[in-house]
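Peer 1:
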Amino acid sequence: MRPPILYLTIAFAAGLCTALNGVDLRITACCVLLGALLLQRRAPLGAALGVMLVAGVVWGAAALREQRASCAGQHARAAIVRLTDPAPGSGGVVEASVHGGPCSGTLTIRWPEGHPAHGGTTWVVAGRFLGRAGRGILVARRVRQLDSVPRGRGALRDRIAERSRRLFGARAPLVDALVIARRAELDAGLRERYTRSGLAHLLSISGLHVAFFAAWLNVLLARLRLGPRARFALGTGVMVAYVWLLGFPAPATRSAVMLALLDIARLRQRVVAPRGSVALAALCVMLGDPWAVQSVGAWLSVAAVAAVIWAGRATERLPTPVRLLAPAAAATLLTAPITAYAFGTVAPIGVLANLAAIPLAGLAVPGLMAALTLSSSWLAAGAGLCLALLDLVANAAAALPGGHFVMIAGPRAAALWLGILVVAWWLWNSPRHRWVIAARVGFVATLISWTTLFHAFTRLSDCHCLTVSFLDVGQGDAIALRSPAGRWLLIDGGPRGPRGDAGRRVVVPFLREAGATQLAAIVATHAHLDHFGGLPAVLDAFDPAFVLEPGQPVPDAGYLDFLAAVESDGAAWRPARRGDRLELDGVTIEVLSPDSAWAVSQTDINEESVVLLVTYGGTRLLLAGDAGVPTEAHLAGQVGRVTLLKVGHHGSRGATSDRWLDELHPAEAVISVGAKNRYGHPAPETLARLRGHGVTVLRTDERGTITFTVSSHGTLAITDVRHHD
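Residue numbers for the sequence shown, in this note's numbering: 12 to 736.
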């Protein structure tokens with residue numbers, strides 16, 4: 012029998028979700044509450060469910076009001092804040108608590124370069140708020156220190172980070188992630204390896220880390236020879252202090268509550284109800300942080316621990332190898348729809364990788380904590396060895412072909428893995444008769460075979476057209492061209508930053524879903540991160556014949572790393588110069604800019620952009636990169652009319668002049684731009700100029716990925732629009 016707390020928690024979560032989404036349910040809540048009062052004698056559980064539903068609505072409405080009164084909810088442009096973590100001199104994203112000004116709460120701040128700051132210090136920040144209310148980021152333009160003395164939780168985290176750098180050197184970002192949930196300085200390549208190997212949960216503080224901490228804490232407390240109640244009080248107090256240091260993230264809070272419930276049950280000599288403890292822990296998390304119900308981390312935490320509990324009970328009479336693999340397999344399957352929806356990745360190889368990684372992490376995490384606490388170099392050396400072995404496991408698992416799947420994040424990816432989960436559940440619950448199991452397995456194999464054949468047939472029946480897809484990568488550019496014979500050219504790879512890698516999240520899944528196995532060429536239009544940021548992930552997934560880029564020296568570490576990745580990949584490198592042409596199955600791609608003299612004379616990297624003219628079947632498409640009015644003036648009279656224009660520089664006011672539009676006279680134009688971006692793109696003036704010339708404007712922030720097809724007769728048509736969440 013399932014414990015009533017499970018249903019009560021679900022009812023509370025339903026009401027909470029509804030209220031946080033802004034749905035006004037006051038009248039409905041009153042009716043439900045009245046019905047609960049009437050049913051309390053005949054159906055007490057039903058009445059309790061109604062009460063919890065209403066309680067969730069009320070709690071959510073209160074949280075929504077509190078958020079709207081916070082600095083994030085008011086789109087505050089200035090505040091007095093105390094930094095949670097140190098801010099590097101190179102800038103980046105930091106979290107801070109508000110300690111003064113017209114609002115309260117917490118803020119996510121994009122810290123400016125040239126202002127290194129210790130965690131726990133107090134600053135006045137001013138800038139521009141971007142994004143949705145309550146979920147955006149304050150882009151700080153001006154900062155001024157008010158108090159240089161680190162205080163509070165930020166001061167302790169700062170000291171830990173400083174000691175970590177001293178003891179562990181280059182491994183310090185990984186140590187910070189494992190011990191205090193500080194991931195800002197983690198290397199992108201390391202994140203990618205752990206994601207591919209199914210070990211990404213180790214890089215973010217989860218219930219597992221708190222369990223490691225609690226287990227070793229119990230070992231230490233047992234040696235103090237304290238009574239059970241004193242040991243419980245001291246252990247719980249230390250565990251709560253650790254979760255406070257982390258900032259009470261939902262997975263850690265859930266784990267701490269479950270461990271406390273387990274200890275209470277032992278003290279009272281009661282049997283622990285695993286499902287009930289999970290439900291009660293989830294309820295406590297939602298009471299402490301109502302917004303956790305919309306957190307991917309919270310959902311993954313609850314789903315994973317529920318899967319582990321189920322697997323432990325379902326396989327308790329099965330052979331040892333099955334019992335070892337079952338928890339990881341169940342957790343992977345149950346969390347797969349969530350990770351596919353949110354991140355577009357699922358790593359089944361993690362089932363095997365975790366068999367080695369979790370014991371190593373169980374030794375490494377306490378060792379790291381002890382080394383940081385005691386400032387011991389020999390403990391750091393031992394823990395460092397565990398980290399090295401953990402990294403070897405991640406590297407080996409990430410390198411296995413077929414060990415992970417990358418897809419375009421969103422409902423379609425989630426639906427696929429939800430279907431796989433349903434099929435797995437159906438097979439597991441087959442009657443224990445060989446012929447029934449064989450029949451069901453045969454049915455699933457037949458279904459997979461027919462689906463694969465149908466997918467292959469639809470690819471073969473594609474028209475022999477040129478397809479041009481403007482990918483929805485946010486504030487950046489990525490354009491994929493498919494030739495009539497099925498060869499692919501990629502122009503830019505979208506942005507990469509603290510919020511994600513568009514190459515891994517969007518570009519690679521799009522190309523794989525479309526059937527691409529290799530790239531004829533990659534074009535990096537210029538050395539700005541919103542264009543080349545996603546290309547290293549593309550180079551890692553595909554082997555292009557050559558890479559074309561402006562060929563001008565740029566003192567940017569990220570761009571130099573990209574060029575190093577091109578070299579290590581073995582792709583040929585070519586500088587783009589006016590007059591260069593590429594023939595691809597009847598499609599002509601011609602470089603219009605830059606020429607050698609123009610590239611050398613420019614001080615604005617945007618004006619070095621590779622401008623391409625694509626021609627097929629008499630239809631001409633102009634892809635302008637981030638080129639602005641100077642480049643347009645330089646090319647005046649040399650381009651002629653085009654059918655489709657990729658608007659330069661995301662529709663900024665410094666591009667797409669009237670003179671340019673007079674010459675090109677495009678019928679349609681695409682603007683690749685991120686929703687509510689901090690630059691205000693596209694500029695109203697640019698949109699007005701396009702409308703004034705009778706151009707139909709299509710925007711990726713409004714329509715998602717936009718795909719055009721060009722037939723051999725020159726007919727241009729929009730064939731696909733996909734929204735990416």
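Positions of the beta carbon are idealized from the N, C-alpha and C atoms, including for glycine.
Using 8 angstroms for Cβ pairs, my map puts C114 next to A87. What's the rounded Cβ distance?
Peer 2: 5 angstroms
Peer 1: Taking A496 as the reference, give the member of L595, V479, V625, T528 with the closest Cα.
Peer 2: L595
Peer 1: When the Cβ atoms of the region 399-412 are set against those of the region 426-433, are three or more pairs found closer than 8 angstroms?
Peer 2: no
Peer 1: Apart from the five residues just before and just after V362, which ones in its own chain have a Cβ nearer than 8 angstroms to its Cβ?
Peer 2: G209, L336, A339, A340, T343
Peer 1: Take the Cβ of L471 as the centre, count every other Cβ of all protein chains shown within 10 Å, and call the residue buried at 16 or more, exposed below.
Peer 2: Here L471 scores only 46 on pLDDT, less than 50, and its place in the model is too uncertain to base an answer on.
Peer 1: Here's the rule: buried if 16 or more other CB atoms are within 10 angstroms of the residue's CB, otherwise exposed. What is K687?
Peer 2: exposed
Peer 1: Can you give the beta carbon distance from G662 to P693, rounded, assuming they're within the 8 angstroms contact cut?
Peer 2: That belief holds up - the Cβ atoms of G662 and P693 are roughly 3 angstroms apart, short of 8 angstroms.
Peer 1: Are the Cβ atoms of T536 and G636 separated by less than 8 angstroms?
Peer 2: yes
Peer 1: Give the single residue among P348, A66, V34 whose Cα lies nearest to the Cα of L19.
Peer 2: A66
Peer 1: Name, in chain order, the residues that DSSP records as bridge partners for V598.
Peer 2: L595
Peer 1: Between the beta-carbon of L500 and the beta-carbon of A489, is there less than 8 angstroms?
Peer 2: no
Peer 1: For the 8 angstroms Cβ check, are there 3 or more pairs between the region 646-658 and the region 602-612?
Peer 2: yes
Peer 1: Residue ranges of each beta strand (DSSP E) run of no fewer than 3 residues wholly in the region 467-545, ordered along the chain?
Peer 2: 477-481, 490-493, 499-502, 532-534
Peer 1: Which two residues bound the contiguous beta strand (DSSP E) that contains H110?
Peer 2: 103-111
Peer 1: Here's the rule I'm using: 16 or more other beta-carbon atoms within 10 Å means buried, otherwise exposed. How should C42 be labelled?
Peer 2: exposed
Peer 1: Measuring straight from C-alpha to C-alpha, what distance separates R277 and E327?
Peer 2: Roughly 22 angstroms between the two C-alpha positions.
Peer 1: Closest to E619 by CA distance: which of L632, E578, A638 is it?
Peer 2: A638
Peer 1: Counting beta carbon pairs with one atom in the region 231-239 and one in the region 191-205, are three or more of them shorter than 8 angstroms?
Peer 2: no
Peer 1: Note down the Cα distance separating V34 from R265, rounded to an integer number of angstroms.
Peer 2: If you take the alpha carbons of V34 and R265, they lie about 27 angstroms apart.
Peer 1: Kindly indicate which three-state DSSP category L329 falls into: helix, strand or coil?
Peer 2: coil
Peer 1: Counting only the same chain and skipping the five closest in sequence on each side, list residues whose C-beta sits under 6 angstroms from that of D736.
Peer 2: Bear in mind that a pLDDT of 47 at D736, under 50, signals an unreliable position, so the model cannot answer this.
Peer 1: Based on the DSSP secondary-structure assignment, which residues constitute the bridge partners of F719?
Peer 2: V479, I729
Peer 1: Taking buried to mean at least 16 other C-beta atoms within 10 Å of its own C-beta, is P564 buried or exposed?
Peer 2: exposed
Peer 1: Let me confirm a value: R710 is counted as buried when at least 16 other C-beta atoms fall within 10 Å, else exposed. Which label applies?
Peer 2: Burial of R710 is indicated by the presence of at least 16 other C-beta atoms within 10 angstroms of its C-beta.
Peer 1: Rounded C-beta distance between P586 and G569? I'm assuming under 8 angstroms.
Peer 2: P586 to G569, Cβ: 19 angstroms. No contact.
Peer 1: Which residue comes first and which comes last in the beta strand (DSSP E) that contains Q156?
Peer 2: It spans 148-158 - the beta strand (DSSP E) in which Q156 sits, taken as one unbroken run.
Peer 1: Tell me, which residues are paired with W134 by DSSP?
Peer 2: V92, Q156
Peer 1: Mark H539 as exposed unless 16 or more other C-beta atoms lie within 10 angstroms of its C-beta, in which case mark it buried.
Peer 2: H539 should be labelled buried.
Peer 1: Who are the near neighbours of Y205 in its chain, counting only those whose CB is closer than 6 angstroms to its CB and skipping five residues on each side?
Peer 2: The beta carbon of Y205 lies closer than 6 angstroms to those of A211, L214, A405 in the same chain, with the five residues before and after it left out.
Peer 1: Please list, in chain order, all residues of the same chain as D96 whose beta carbon is under 8 angstroms from its beta carbon, the five residues on each side excluded.
Peer 2: Within the same chain, D96 has close Cβ partners V105, E106, G130, G165, R168, D169, A172, R193, A195.
Peer 1: Can you list, in chain order, the residues of its chain whose CB lies under 7 angstroms from that of A409, leaving out five sequence neighbours each side?
Peer 2: R204, R207, S208
Peer 1: Under the three-state reduction of DSSP, which class applies to A54: helix, strand or coil?
Peer 2: coil
Peer 1: Measuring straight from C-alpha to C-alpha, what distance separates T109 and R76?
Peer 2: A small correction: the amino acid at residue 109 is Val; Thr does not occupy that position in the sequence shown. Straight-line Cα distance between these residues: approximately 17 angstroms.
Peer 1: What residues in its chain sit with their C-beta under 8 angstroms from that of W5, if we drop five residues either side in the sequence?
Peer 2: In the structure as shown, the chain starts at 12 and stops at 736, and residue 5 therefore has no counterpart that could be examined.
Peer 1: Find the nearest neighbour of G248 within the set R234, D274, P262, A575, judged by alpha-carbon distance.
Peer 2: D274
Peer 1: If we ignore side chains and look at the alpha-carbon of each, how far apart do C476 and S722 end up?
Peer 2: 5 angstroms
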